[in-house]
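According to this note's numbering, the sequence shown is numbered sequentially starting from 2.
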Amino acid sequence: MMWHPRGYGGQRRDPDQVKRDGWTEQGVLAVAIDDRRLTWPERELIRQLGEKLYGKRPAGQAVRHG
């Protein structure tokens, strides 16, 4: 029999649910720069915001898909 500390058992939420909950509960927005649901101007705005807040990404850095 496996014992799990309180809060560590049960079902795992999918990444989109975690993002959705972060937005609705905390006002935190997590967006992938290559999210296909966004238009080019929306993706460009996300890129510009990311650079303003956190600096430019290293040149040649691949965007993670998945």
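Every residue, glycine too, gets a C-beta built ideally from N, C-alpha and C.
Per DSSP, T40 lies in no alpha helix (DSSP H) and is assigned neither H nor E.
Every unbroken stretch of the alpha helix (DSSP H) spanning 4 or more residues and falling wholly within the stretch 7 to 38 is given here in chain order: 16 to 27.
Taken through DSSP and simplified to helix, strand or coil, Q62 comes out as coil.
One Cα belongs to E26, the other to W41, and the distance between them is close to 28 angstroms. For I34 against G51, the beta-carbon gap comes to about 7 angstroms, under 8 angstroms, which counts as contact.
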